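Numbering (my numbering), first residue to last: 5 to 251. In this text, a Cβ means the ideal position worked out from N, Cα and C, and glycines have one as well. Here the structure is a predicted model, which is why all the values come from computation and not from measurement.
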Amino acid sequence: MTAIAIIGAGPGLGLAVARRFGREGHSVAFISRNRTHLDELVNAVSADAVTADGFTADARDAAQLRSALAAAADSLGPIEVLQYSPVPAKSFMHPVLETYPADLAGAIEQSVYGPVTAVQQVLPGMRAFGRGTLLFVNGSSAVRPNPDVAGTSIAFAAESAYAEMLHEVLRPEGIHAAQLIIPQGIGGGDPAHEPDALADRLWRMHRDRGEFRVYAAPSPDTHPPRPSERTHELWQTPSASPARSRL
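So, in structure tokens, the structure goes:
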């Protein structure tokens with residue numbers, strides 16, 4: 005049995021992905037900062053006969069992240085799939101003219117240092133195993149900068165560049181890197197944006213090993229949002245967007 009490690013696991017997309025991959029025989033490593041939430045996730049999928057465990061780590065803390073991924077591999081088997089999808093903090097989302105160097109530190113730690121740390125930790129095991137998948141989940145500011153959320157726009161752009169480089173250089177080794185863009189958030193009444201639908205899309209990205217970038221809905225580059233929609237990113241807080249689900 006091989007494992008999927010979900011960094012930034014929550015009760016929305018994270019739980020749906022765990023169930024989807026669990027049905028295909030994968031064990032599941034939930035990784036997040038909150039021990040109580042981890043235990044709830046493990047209990048939820050255990051009821052579906054999915055083998056799972058939770059590991060506490062902050063995606064912005066390299067030592068914690070490496071330790072959690074190492075413990076997950078020891079406990080659950082080789083990590084064949086890594087999903088990187090932690091929710092950015094609200095403090096990352098200042099307008100561009102109100103964003104200063106210090107405001108970018110957390111966003112860069114989470115969207116650049118975190119992915120690099122995680123990939124470097126799991127990559128040797130994937131190479132030894134002979135295959136693997138690296139899944140990155142982002143909002144539309146990863147591909148179209150949004151001046152209302154400058155921190156995530158800058159950091160997601162860097163994460164996208166890193167992930168796309170991985171796609172190119174690891175493909176000959178049988179390791180697939182891919183990015184799912186969720187333009188208008190999770191949930192909200194659009195069937196394509198519901199957690200189960202997104203989890204199935206991520207499963208197919210892993211299974212089919214196709215192009216690098218996949219959109220949950222039509223590309224935001226060819227379908228610009230209305231002005232009222234410009235701040236409706238993937239990473240809305242519950243108070244800002246009640247209809248959008250947590251990861």
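Spatially closest choice to residue i from the options, by CA coordinates
i      : options                          : result
LEU139 : SER95, SER89, ALA165 and THR55   : SER89
LEU19  : ASN47, MET5, THR6 and ARG37      : ASN47
ALA75  : GLU163, ILE35 and MET130         : ILE35
TYR219 : ASP194, THR6 and ILE186          : ILE186
GLU28  : ILE10, VAL54, LEU45 and HIS41    : VAL54
VAL335 : LEU45, LEU170 and ALA161         : Outside the modelled stretch of the chain, which goes from 5 to 251, sits residue 335, for which no answer is possible.
GLU113 : GLY155, PRO128, SER79 and VAL147 : GLY155
GLU163 : VAL126, GLU102 and GLY143        : GLY143
PRO99  : LEU127, ASP152 and LEU69         : ASP152
VAL126 : LEU206, ALA77 and ASP107         : ALA77
Own chain residues within Cβ distance below 7 Å of residue i, not counting five before or after
i      : result
SER157 : SER145, PRO149 and ASN150
ASP52  : ARG23 and GLY26
GLY110 : ARG64, ALA93, SER95 and PHE96
Environment of residue i [buried if 16+ CB atoms lie within 10 Å]
i      : result
ALA165 : exposed
ASP57  : buried
ASN38  : exposed
SER260 : This structure does not reach residue 260, given that the chain is present from 5 up to 251, and the question cannot be answered.
LEU101 : exposed
THR40  : exposed
GLY129 : buried
VAL32  : buried
GLY12  : buried
Cβ neighbours of residue i in the same chain (closer than 6 Å, five flanking residues each side left out)
i      : result
ALA221 : PRO187 and ALA196
Nonlocal neighbours in the same chain, by C-beta distance under 8 Å from residue i, ignoring five residues either side
i      : result
PHE133 : THR6, PRO82 and GLU84
ASP194 : GLN188 and ALA221
Secondary structure of residue i, DSSP reduced to three states
i      : result
ARG135 : coil
THR60  : strand
TYR117 : helix
GLU177 : helix
ASN142 : strand
ILE158 : helix
ILE186 : coil
Answer yes if the region 111–118 comes into contact with the region 61–76, meaning at least three C-beta pairs across the two stretches below 8 Å, and no otherwise. The region 61–76 makes contact with the region 111–118; the number of CB pairs closer than 8 Å reaches 3 or more.
Is there contact here, the region 194–203 with the region 12–25, by at least three beta-carbon pairs under 8 Å? yes
With contact counted as at least three CB pairs below 8 Å, one residue from each stretch, are the region 133–148 and the region 210–220 in contact? yes
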